[in-house]
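S.K.: All the letters of the sequence shown, read from the start, carry residue numbers 1 to 106 under my numbering.
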Amino acid sequence: MLYLLLGLIATEGLLLITWNRPYFSWGLPVFTRRIAVTRDALACFSLAQVENAVEPSRWPDLRFHRLSEDVYAFRETFLFVGGVYPMIMRGRIVIDRRQREIIVSG
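(1) My guess is that Glu51 and Phe64 are in contact by the Cβ rule of under 8 Å, so how many angstroms apart are they, rounded?
(2) What is the rounded straight-line gap between the Cα of Thr32 and the Cα of Val94?
(3) Are the Cβ atoms of Ser68 and Gly91 separated by less than 8 Å?
(4) Measuring alpha carbon to alpha carbon, tell me which residue in Thr38, Val54, Cys44 and Leu62 is nearest Arg98.
(5) Opposite Ile88 in the DSSP bridges: which residues?
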């Protein structure tokens, strides 16, 4: 049982580090938010805006990665000194241009 658990932890770590697109697409979302935006805001949306909008805190920093033109993934950084807990926060930011909304789930 211990080897199975260690194998699962290693597999999840590998999927997180390599930004595996299917891995960031499945799971039970704890948080989902749909944000209505204008066409102009969608046209100038960039990942840099999101990264700069996240305030530093006592929790691990978030890392962002572009998976496709309209899908971005995020996860907690592994380089964190502080309270120890499993780094499990991960999710997606989807840009839905037809519905003019940004969907954040994780």
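Cβ coordinates follow ideal geometry from the N, Cα and C atoms, glycine included.
This one's a predicted model, so the numbers in the text were calculated from it and none came from an experiment.
M.R.: Looking at the coordinates:
(1) Rounded, the Cβ-Cβ distance is 5 Å, consistent with contact.
(2) 11 Å
(3) No, the pair does not count as a contact, with Cβ atoms beyond the cut-off.
(4) By alpha-carbon distance to Arg98, the top candidate from Thr38, Val54, Cys44 and Leu62 is Thr38.
(5) In the DSSP output, where bridge partners are listed per residue, Ile88 has none listed.
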